[in-house]
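*Asks:* One structure is given below, represented as structure tokens, and several questions about it will come after.
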Amino acid sequence: MGTVTDYLAGIKAPNREVLERVVAIARELAPGVQEGTSYGMPALLLDGKGFVSVLETKKHLAMYPYSGQILPRIEGELDGFSWSPGTLRFSADNPVPDELVRRILELRLAEIGK
Numbered sequence: 001m002g003t004v005t006d007y008l009a010g011i012k013a014p015n016r017e018v019l020e021r022v023v024a025i026a027r028e029l030a031p032g033v034q035e036g037t038s039y040g041m042p043a044l045l046l047d048g049k050g051f052v053s054v055l056e057t058k059k060h061l062a063m064y065p066y067s068g069q070i071l072p073r074i075e076g077e078l079d080g081f082s083w084s085p086g087t088l089r090f091s092a093d094n095p096v097p098d099e100l101v102r103r104i105l106e107l108r109l110a111e112i113g114k
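If you're matching positions, the sequence shown starts at 1 in this note's numbering and goes up one per residue.
Next up, the structure:
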């Protein structure tokens, strides 16, 4: 077990399943990720750098790609979601499509140099 796995285990369905899907895609794209923390959040790390974090808040679910550059670059693809440069907000009723999760994480991989 690790920080991300432990964190997700404490979240109730259906939010847990939605967040677990993002983590599964991240693990698929970057099989060498490790669990840890970044900016105080449970995170998947790649080469010691924050790759992605997913959290449940009182009002929404959130994905943090540890970059303020990615989401603004794909702003046109984020219709229907609330976002700021470092955070994509969604819900179990309106999850991020797998293709969009992949796009965000592939851009993050490119930033990290993978």
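Where is the CB? At the ideal position from N, CA and C, for every residue including glycine.
None of these values were measured; they are calculated from a predicted model.
1. What is the rounded straight-line gap between the Cα of glutamine 69 and the Cα of glycine 48?
2. For arginine 21 and glycine 32, I'd like the C-alpha separation in whole angstroms.
3. Is the separation between the beta-carbon of valine 52 and that of arginine 108 shorter than 8 Å?
4. Counting only the same chain and skipping the five closest in sequence on each side, list residues whose C-beta sits under 7 Å from that of tyrosine 64.
5. Please name the residue, chosen from Asp79, Glu28, Ala62, Leu45, that lies closest to arginine 89 on a Cα-to-Cα basis.
6. Do leucine 46 and alanine 30 have their beta-carbon atoms positioned less than 8 Å apart in this structure?
7. Between Thr5, Ile74, Gly2, which has its C-alpha nearest arginine 102's C-alpha?
8. Whose CA, out of Asp6, Asp93, Thr57, Asp79, lies closest to the CA of alanine 43?
9. Tyrosine 64 lies in the alpha helix (DSSP H); which residues open and close that run?
*Replies:* Looking at the atomic coordinates:
1. Spanning the alpha carbons of glutamine 69 and glycine 48 requires a straight line of approximately 19 Å.
2. Spanning the two alpha carbons is a distance of roughly 17 Å.
3. Going by C-beta atoms, valine 52 is nearer than 8 Å to arginine 108.
4. Excluding the 5 residues flanking it on each side, tyrosine 64 has same chain C-beta neighbours closer than 7 Å at Met41, Val52, Ser53, Gly86, Thr87, in chain order.
5. When only C-alpha atoms are compared, the closest one is Ala62.
6. Leucine 46 is positioned such that its CB atom lies closer than 8 Å to that of alanine 30.
7. Nearest C-alpha to arginine 102: Ile74.
8. Among Asp6, Asp93, Thr57, Asp79, the Cα nearest to that of alanine 43 belongs to Asp6.
9. That residue, tyrosine 64, is in no alpha helix (DSSP H); its beta strand (DSSP E) goes 61-64.
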